[in-house]
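The C-terminal residue of the sequence shown carries number 476 in the working numbering, and the numbering is unbroken.
See below for the structure under consideration.
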Amino acid sequence: MAKIRHPKTFSKVFNIDAGYLYDKGIFDPVLNVDTKLFIDPILIEKSGFDYFRNEVMKAYEDHYNSIISLLEESKTKDDLAWRSAKRLIQRKEVEGTCLGYGVNSISGRSLSPKLQNCILSTAKEIIDIGIKKPELFILLPLFEEGVGPDTISDITTAAVQASLYNFTAIIAHELGIKTSVATFRGNDIEIITNPLKSKISPIVLLPKDVLRQLPYASTWEEISDVAQFNHELRMRVNKYIGKIWAARTKREKEKEKQKVMKNKEALEILLEAIKNTDVKPYNFEIDENGVYKWRDVMEGIADKYPKKLSKPSNDADGLVLTVREIINQFKFIIEEKGMNKLLWKNRSTPNHENVSQMLFFSTAYSYCKANDLDINPEMDTGNGLVDFKFSKGFSKRLIVEIKHSYNQNIIDGFDIQLRLYKKAEETCFGFYIVIDVGRLGRKFDKLVRMYNESTKKADLFYINGKIKPSASKRKE
1 MAKIRHPKTF SKVFNIDAGY LYDKGIFDPV LNVDTKLFID PILIEKSGFD
51 YFRNEVMKAY EDHYNSIISL LEESKTKDDL AWRSAKRLIQ RKEVEGTCLG
101 YGVNSISGRS LSPKLQNCIL STAKEIIDIG IKKPELFILL PLFEEGVGPD
151 TISDITTAAV QASLYNFTAI IAHELGIKTS VATFRGNDIE IITNPLKSKI
201 SPIVLLPKDV LRQLPYASTW EEISDVAQFN HELRMRVNKY IGKIWAARTK
251 REKEKEKQKV MKNKEALEIL LEAIKNTDVK PYNFEIDENG VYKWRDVMEG
301 IADKYPKKLS KPSNDADGLV LTVREIINQF KFIIEEKGMN KLLWKNRSTP
351 NHENVSQMLF FSTAYSYCKA NDLDINPEMD TGNGLVDFKF SKGFSKRLIV
401 EIKHSYNQNI IDGFDIQLRL YKKAEETCFG FYIVIDVGRL GRKFDKLVRM
451 YNESTKKADL FYINGKIKPS ASKRKE
């Protein structure tokens with residue numbers, strides 16, 4: 001099971017002011033955990049960094065133009081030109097960006113040979129009808145189910161890898177960070193070495209303004225949004241793409257997609273729609289996914305709101321007592337000290353449930369560390385569960401599950417948890433936290449009834465995460 005255990009940011013490890021990095025526009029990666037962001041190819045030429053707009057963009061275009069030339073030359077699958085193009089679709093994700101969906105690891109994923117051939121086959125079809133622009137690769141997720149936008153981001157990152165190392169070296173010199181010399185594709189390059197890795201491994205620094213939650217135009221619905229504000233373009237897109245949106249079955253949609261893929265004018269309009277939209281990078285100010293919020297909490301919440309936690313006995317009772325104290329402190333900080341603001345994008349829209357889960361993990365980690373407790377919180381980023389275990393001695397774990405009030409699976413989730421804990425030998429207890437950000441209705445009352453009827457292997461917590469009205473409105 002993938003876990004976040006002891007996250008460490010680049011700024012913390014290298015003693016760099018995180019605020020300075022932020023203001024400079026450089027993403028501050030967690031060096032031993034991947035962040036769920038990606039480089040969007042469309043944003044490279046729009047970056048505020050000259051080096052990205054010029055050098056990285058040139059490397060991107062040169063790389064894809066080479067693939068296009070080889071696929072033009074290729075007559076059959078697996079001939080020399082095809083195999084040469086395949087080598088340019090790098091199988092291994094670039095190590096060191098600390099981006100993607102890996103957890104407790106930043107080593108990267110690999111593309112399977114099957115996926116490589118799928119990418120090349122679709123690209124070859126598009127090239128053969130006359131589309132020979134590097135941007136054609138952006139279209140692939142629309143036509144191939146197995147090719148995700150994250151895959152295109154990974155391939156793009158690999159294509160500009162040397163330029164990314166050079167950019168990192170430039171930033172390293174500006175920050176006064178020592179670099180090492182390494183060999184990359186036969187050339188000596190400067191790298192920042194990741195001190196958290198047992199083998200020599202580079203760190204790649206990136207501008208915030210080329211990062212998105214997923215690269216743009218990854219679904220046909222997004223293409224609709226792209227053309228929304230340009231009437232002429234909207235009409236042209238509708239002419240060719242409208243039947244895909246109208247298709248009711250998967251088979252119908254696939255049939256219409258194949259028609260588009262064989263139509264040069266339709267593909268050119270698609271590319272125009274994507275290229276001319278106002279694509280925005282991930283908004284780190286709103287921070288919808290809590291990319292930075294949880295780190296700030298982890299770094300300073302225990303200092304800002306000190307809480308003395310006594311050393312627990314090394315048994316189930318000690319673990320339950322300590323985690324209960326941490327949850328009560330988490331509740332206090334949200335309800336009384338303003339951390340509820342971090343749960344919201346704006347006054348009317350709550351953030352994703354994952355933000356609350358990360359905030360709780362950070363709070364628990366911060367207080368365990370501040371009190372020098374022999375307890376290790378770990379978070380599974382797949383389901384948001386936070387485990388607590390003693391580092392030695394008593395071996396059973398305690399699980400904390402957090403749900404937002406709007407979650408339709410609140411009742412089922414608690415029912416499943418109660419049944420699981422009756423059977424799970426490795427789990428001693430569980431806490432089920434409901435954070436009220438609206439649309440709770442009578443769900444919590446039902447949870448209380450379920451709790452009262454159960455054998456007490458899990459406890460229930462309510463936290464009011466709503467934004468409080470201002471003082472002037474309260475007076476009204």
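Quick reminder that beta carbons are idealized off the backbone N, C-alpha and C, glycines included.
Reduced DSSP secondary structure (H/G/I, E/B, other) of residue i
i: Ser491; result: This structure leaves residue 491 out entirely; the chain is present only between 1 and 476.
i: Gly290; result: coil
i: Phe431; result: strand
i: Val94; result: coil
i: Tyr462; result: strand
i: Ile203; result: strand
i: Asp78; result: coil
i: Asp23; result: helix
i: Asp436; result: strand
i: Thr455; result: coil
i: Pro555; result: Nothing can be reported for residue 555, as the shown portion of the chain is limited to 1 through 476.
i: Pro149; result: helix
i: Leu497; result: Residue 497 lies beyond the residue range present for the chain, which begins at 1 and ends at 476; the question has no answer from this structure.
i: Leu139; result: helix
i: Ile129; result: coil
i: Asn104; result: Because the pLDDT at Asn104 is just 44, under 50, the model does not fix this residue reliably, and the value given afterwards should be weighed accordingly. Three-state DSSP puts Asn104 in coil, outside helix and strand.
i: Ile411; result: helix
i: Asn117; result: helix
i: Tyr305; result: coil
Beta bridge counterpart(s) of residue i as assigned by DSSP
i: Ser180; result: Ile191
i: Lys389; result: Asn376
i: Val400; result: Val386 and Phe431
i: Thr9; result: Val30
i: Pro350; result: Trp344
i: Thr35; result: Leu99
i: Ile4; result: Met379
i: Arg478; result: In the structure as shown, the chain starts at 1 and stops at 476, and residue 478 therefore has no counterpart that could be examined.
Whole-angstrom distance between residue j and residue i, CA atom to CA atom
i: Leu270; j: Lys264; result: 10 angstroms
i: Val400; j: Phe461; result: 10 angstroms
i: Ile411; j: Thr168; result: 48 angstroms
i: Pro312; j: Met298; result: 21 angstroms
i: Pro195; j: Val204; result: 13 angstroms
i: Leu175; j: Val210; result: 21 angstroms
i: Gly465; j: Val437; result: 5 angstroms
i: Arg530; j: Asp372; result: In the structure displayed, the chain extends from 1 to 476; residue 530 sits before or after that span and is not available.
i: Gly384; j: Glu45; result: 35 angstroms
i: Ser310; j: Arg87; result: 58 angstroms
i: Lys253; j: Ile244; result: 5 angstroms
i: Glu335; j: Phe429; result: 25 angstroms
i: Lys331; j: Gly48; result: 40 angstroms
i: Leu164; j: Ser84; result: 23 angstroms
i: Ala247; j: Lys259; result: 13 angstroms
i: Asp415; j: Asn409; result: 10 angstroms
i: Lys132; j: Asn65; result: 8 angstroms
i: Val355; j: Gly242; result: 36 angstroms
i: Pro113; j: Leu43; result: 28 angstroms
i: Gly96; j: Val448; result: 47 angstroms
i: Asp150; j: Asn54; result: 23 angstroms
i: Val279; j: His352; result: 22 angstroms
i: Asn452; j: Lys446; result: 10 angstroms
i: Asp303; j: Lys457; result: 32 angstroms
Exposed unless 16 or more other CB atoms sit within 10 angstroms - verdict on residue i
i: Met235; result: exposed
i: Glu72; result: exposed
i: Ala364; result: buried
i: His6; result: exposed
i: His63; result: buried
i: Thr455; result: exposed
i: Ile127; result: buried
i: Ile327; result: buried
i: Glu256; result: buried
i: Arg212; result: buried
i: His173; result: exposed
Within-7 angstroms CB hit, residue i to chain B
i: Phe429; result: Absent here is chain B; the protein component of the structure consists of one chain.
Proximity test, residue i beta-carbon vs the ligand MG heavy atom, cut-off 6 angstroms
i: Lys443; result: In terms of ligand content, the structure shown is empty, and the ligand MG therefore cannot be addressed.
*Determine, using beta-carbon pairs with one atom in the stretch 115-122 and one in the stretch 16-33, whether at least three such pairs fall under 8 angstroms.*
no
*Pair every Cβ in the stretch 343-363 with every Cβ in the stretch 371-391, then say whether three or more of these pairs are closer than 8 angstroms.*
Judged by Cβ distances under 8 angstroms, the stretch 343-363 makes contact with the stretch 371-391, as three or more pairs qualify.
_Cβ contact check for the stretch 73-87 and the stretch 3-23: 3 or more pairs under 8 angstroms_ = no
_the stretch 147-162 in contact with the stretch 286-303 per 3-pair CB rule at 8 angstroms_ = no
*For the stretch 303-320 against the stretch 442-451, are there 3 or more C-beta pairs whose distance is under 8 angstroms?*
Cβ pair count under 8 angstroms is below three, so no.
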